[in-house]
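K.L.:
Handing you a structure now.
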Amino acid sequence: MGKKILIITGSPRPNGNTNTLVAAFMAGAVASGNEVQIFDAVTRELNPCHGDCSCFERGYCMFKDDGVKLHELMGWADVLVFASPIYWKGFTSQMKRVIDRFNPYNAPKGRASCSVTETYLISAAITPEINIFNAVSQEFVHLNEILNFKICDELLVPGVEKINDIQKKPEYIKKAVEMGYRIGQSQLQEEEQNIENTIKKSFVDSPLRRHQEGCWLI
């Protein structure tokens, strides 16, 4: 039986390498019978967390912005996927704002309203060295420990600078499809032909394939 997957995207470059990986991941997840919804942190209106912790009593944030929808989706999803390029060795500011709004789930009432149990991380960076992801990976682990989520997998792609650089690394696109495809499967089976076909179709009519001329994308 498939799972309900919430992907939070934090790249301000809609047609960049991180979102290309998300499109591949999403194609694989849908192909294996999962439901997928996307919360785009870049286009959503989210107030920053004020840190008064009044949400601990209510179980949700006081702001009547798109955090209401985020809270609804956190109660819907079984699986949460963080997708962000690396900016200054960390998550983008858009992704960090979403993470800060997870504060209600750090208390019993809010945590009871959240159905997420498993998480994944997708990230791309300009820097070719893999240690560029150290800070984000550490924050990801810390977040999951606090909220008692189970880390299932991560896909970290270094050395992608310009738009479509990820196309020069098809092995990572394949890994993204496989990672999505395997969610909700009771047994992990090698279905290479299905995966290859999904890769070929993963970008056709994808909601993330938005054209943006002349941008330097990550």
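Residue numbers for the sequence shown follow this note's numbering, beginning at 833 and rising by one.
Just so it is clear, CB atoms sit at the ideal spot from N, CA and C, and this is done for glycine as well.
Have a look at V862 and M906 and give me their C-alpha separation to the nearest angstrom.
P.N.:
19 Å
K.L.:
By Cβ distance, which residues of its chain are closer than 8 Å to N980, with the 5 residues on each side in sequence left out?
P.N.:
R943
K.L.:
Looking at the unbroken beta strand (DSSP E) that takes in V984, where does it start and where does it end?
P.N.:
The question names Val, but residue 984 is Cys in the sequence shown. Note, C984: beta strand (DSSP E), K982 to V989.
K.L.:
What's the C-alpha gap between E904 and G834?
P.N.:
As the crow flies, the alpha-carbon of E904 is around 20 Å from that of G834.
K.L.:
In the structure shown, what three-state DSSP assignment does T1030 receive?
P.N.:
helix
K.L.:
Here's the rule I'm using: 16 or more other beta-carbon atoms within 10 Å means buried, otherwise exposed. How should K921 be labelled?
P.N.:
exposed
K.L.:
Which parts of the stretch 913-983 are runs of the beta strand (DSSP E), unbroken and 3 residues or longer, counting only runs that do not cross its ends?
P.N.:
950-956
K.L.:
Leaving out the 5 sequence neighbours to the left and right, which residues in its chain are closer than 6 Å to E993 when beta-carbon positions are compared?
P.N.:
I958
K.L.:
On the three-state DSSP scale, how would you describe K836?
P.N.:
strand
K.L.:
What are the partner residues of F871, as DSSP defines its beta bridges?
P.N.:
I840, per the DSSP bridge assignment.
K.L.:
Grab the span of the alpha helix (DSSP H) containing R890 for me, first residue to last.
P.N.:
C887 to R890
K.L.:
Express the C-alpha separation of C893 and E877 in angstroms, rounding to a whole number.
P.N.:
Their Cα atoms are separated by approximately 14 Å.
K.L.:
Whose C-beta lies closer than 8 Å to the C-beta of N851 among residues of the same chain, with five residues either side of it excluded?
P.N.:
T841, S843, R845, A915 and L1040
K.L.:
Using only the alpha-carbon positions, how far apart do I839 and I983 sit?
P.N.:
14 Å
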